[in-house]
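Asker: If you're matching positions, the sequence shown starts at 49 in the numbering used here and goes up one per residue. I have a structure here, written as structure tokens, and I will follow up with some questions on it.
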Amino acid sequence: MVFSSASCRGRMRRQFSVFLYVGTFVVFFGKATAAESSVKDLLEAYDHEFFSSYTLKLLASQAITGYDQTQGVCTATVTVCGNGREHALIWNRTVMDRLHYRPGVNEYLGASRTYQRKNESYRVNTRRKWVLYLGTQQWMRRFDDEDVFVAPDNSVSSTSTKHPMIIIGAFGDKDNGSYFYRHILPLGRGYAQFLDKITSAVVDGQGIALVVAHGRSFPPKGGIWNLEIATNQGYLVRHAEFTPYGLVQPSIVCESNGYWDGPIPLATRGSWVLAGYKVSVSLVGYSHQCDMRVLEAATAETDSANWPKGTSALDWRVVDGDGIPKRVVKR
Numbered sequence: 049m050v051f052s053s054a055s056c057r058g059r060m061r062r063q064f065s066v067f068l069y070v071g072t073f074v075v076f077f078g079k080a081t082a083a084e085s086s087v088k089d090l091l092e093a094y095d096h097e098f099f100s101s102y103t104l105k106l107l108a109s110q111a112i113t114g115y116d117q118t119q120g121v122c123t124a125t126v127t128v129c130g131n132g133r134e135h136a137l138i139w140n141r142t143v144m145d146r147l148h149y150r151p152g153v154n155e156y157l158g159a160s161r162t163y164q165r166k167n168e169s170y171r172v173n174t175r176r177k178w179v180l181y182l183g184t185q186q187w188m189r190r191f192d193d194e195d196v197f198v199a200p201d202n203s204v205s206s207t208s209t210k211h212p213m214i215i216i217g218a219f220g221d222k223d224n225g226s227y228f229y230r231h232i233l234p235l236g237r238g239y240a241q242f243l244d245k246i247t248s249a250v251v252d253g254q255g256i257a258l259v260v261a262h263g264r265s266f267p268p269k270g271g272i273w274n275l276e277i278a279t280n281q282g283y284l285v286r287h288a289e290f291t292p293y294g295l296v297q298p299s300i301v302c303e304s305n306g307y308w309d310g311p312i313p314l315a316t317r318g319s320w321v322l323a324g325y326k327v328s329v330s331l332v333g334y335s336h337q338c339d340m341r342v343l344e345a346a347t348a349e350t351d352s353a354n355w356p357k358g359t360s361a362l363d364w365r366v367v368d369g370d371g372i373p374k375r376v377v378k379r
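Structure follows, in structure tokens:
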């Protein structure tokens, strides 16, 4: 698999000559404008072509733990790929800020709360790796975590590797989908499927389409999308806000910046923010081919036949009357 670097993007520029049939008309990439066809159809055309075959190399940063964002951030290498039918994402932590002790703080751990006792080490759940597989029948992700125990003097007293956790959902599962799209939307792609009906689209003098649309998000609540789309840069979404019906403040805010002149244009960096939790993404490499090795690795790591002993799984395809998913532990 060969990825183009930032230094050779100019040499790899391509004049798009790809025709996509959308409904009953043809879209010519680089020629169509918002006035010539609907924005939604153009977004769908670009997304369809992008997701048909791709591999991305990313650097991502986010809070070490969402339950105590004062602990700082971690950085990870991320590989995402797909072939139009199956998609995979592998996230590996590379750097983590130094953790610190927080006396008297209650930290959420799984389904229970631990209460800090005097001079007791503060336990922080950290993620070492996670793998996502979006198949044609089910969407799954695997977490490999470790607990880090921080002493009152801010030194690490011990660490403890945890058994893997598997989250199983049906095709289109909202939770697993959120983990996937928080790394795609900051690149300016993937929005089309969340838009149900565009009610307004006005193009300003700089070629930015200001779009208002009814749609959905993860979780699939209905609401209003406000988008800023660069019509002269392959219809990249440069800014997006989703506000659920009945609320005033947006629950999701995405930004994208830079321009990667690849097989399908992408932003080079961006961010995704959900209720204050931020994921920042930088594009390192992009190929318009699916790296089957990555797809096969993600499939293998989420396959129940390969779960290590002690692995726990929550199967959201099977829930009881109280909405509790089926739990399985590999013995």
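All C-beta atoms in this analysis are idealised placements derived from N, C-alpha and C, irrespective of residue type, glycine included.
Kindly indicate which three-state DSSP category residue 200 falls into: helix, strand or coil?
Answerer: Residue state, collapsed to three classes: coil.
Asker: Are there 16 or more other CB atoms within 10 angstroms of the CB of residue 218, so buried, or fewer, so exposed?
Answerer: By the 10 Å Cβ count, residue 218 comes out exposed.
Asker: Less than 8 Å between the CB atoms is what I'm expecting for residue 365 and residue 215, so what's the real figure, rounded?
Answerer: Not really, about 11 Å apart at Cβ, beyond 8 Å.
Asker: Roughly how far, in whole angstroms, is the beta-carbon of residue 288 from the beta-carbon of residue 233, given that I think they are within contact range, below 8 Å?
Answerer: Confirmed, Cβ separation roughly 7 Å.
Asker: Just checking, does the segment 129-144 make contact with the segment 328-347 on the three C-beta pairs under 8 Å criterion?
Answerer: Verdict: yes, contact present.
Asker: Going by DSSP, name the residue or residues bridged to residue 125.
Answerer: Residue 125 is bridged to 107 and 140.
Asker: Just the Cα atoms here: how many angstroms apart are residue 309 and residue 259?
Answerer: Rounded to whole angstroms, residue 309 to residue 259 spans 24 Å at the Cα level.
Asker: Using the C-alpha atoms, what's the distance from residue 112 back to residue 229?
Answerer: For residue 229 and residue 112, the distance between alpha carbons rounds to 19 Å.
Asker: Can you tell me which of the three DSSP states residue 186 falls into?
Answerer: Residue 186 falls in the strand class under three-state DSSP.
Asker: Can you confirm whether the segment 119-134 touches the segment 246-265 when touching is taken to mean that 3 or more C-beta pairs between the two stretches lie within less than 8 Å?
Answerer: The segment 246-265 vs the segment 119-134: no contact.
Asker: Which full runs of the alpha helix (DSSP H) of 4+ residues lie inside the segment 335-377, going along the chain?
Answerer: Those alpha helix (DSSP H) runs which fall completely within the segment 335-377 and span 4+ residues are 340-350.
Asker: Which first and last residues belong to the alpha helix (DSSP H) in which residue 93 is found?
Answerer: From DSSP, the alpha helix (DSSP H) with residue 93 extends over 87-100.
Asker: I'd like the span of the beta strand (DSSP E) that includes residue 244, first residue to last.
Answerer: Element bounds for residue 244: 243-251.
Asker: Opposite residue 300 in the DSSP bridges: which residues?
Answerer: Note: residue 300 sits in a beta bridge opposite 290 and 322.
Asker: For residue 295, which of helix, strand or coil comes out of DSSP?
Answerer: In the structure shown, residue 295 sits in coil (DSSP, three-state: anything other than H, G, I, E or B).
Asker: Just the Cα atoms here: how many angstroms apart are residue 372 and residue 362?
Answerer: Cα to Cα, the separation comes out at about 9 Å.
Asker: Considering only the beta carbon of each residue, do residue 130 and residue 302 sit closer than 8 Å?
Answerer: No. Outside cutoff.
Asker: Give me the DSSP bridge partner(s) of residue 305.
Answerer: Paired residues: 317.
Asker: What residue range does the alpha helix (DSSP H) around residue 225 cover?
Answerer: Segment 222-229, the alpha helix (DSSP H) holding residue 225.
Asker: Identify, in the order they occur along the chain, each residue of the same chain with its Cβ nearer than 6 Å to the Cβ of residue 250, setting aside the five sequence neighbours on each side.
Answerer: 258, listed in sequence order.
Asker: Once DSSP output is grouped into helix, strand and coil, what is the label at residue 235?
Answerer: Residue 235: helix per DSSP, three-state reduction.
Asker: Do residue 246 and residue 86 come within 8 Å of each other at the CB atom, strictly closer than that value?
Answerer: Their beta carbons are under 8 Å apart, which means residue 86 touches residue 246 by this criterion.
Asker: Near residue 132, what residues of its chain come up, given a Cβ to Cβ distance below 7 Å and the 5 sequence neighbours on each side ignored?
Answerer: The residues are 99, 100 and 101.
Asker: Quick one: residues in its chain with C-beta nearer than 6 Å to the C-beta of residue 109, no 5 flanking neighbours on either side, listed in chain order?
Answerer: Closer than 6 Å at the Cβ level, and outside the excluded window around residue 109, lie 121, 123 and 328.
Asker: Identify, in the order they occur along the chain, each residue of the same chain with its Cβ nearer than 6 Å to the Cβ of residue 175, setting aside the five sequence neighbours on each side.
Answerer: The answer, listed in chain order, is 193.
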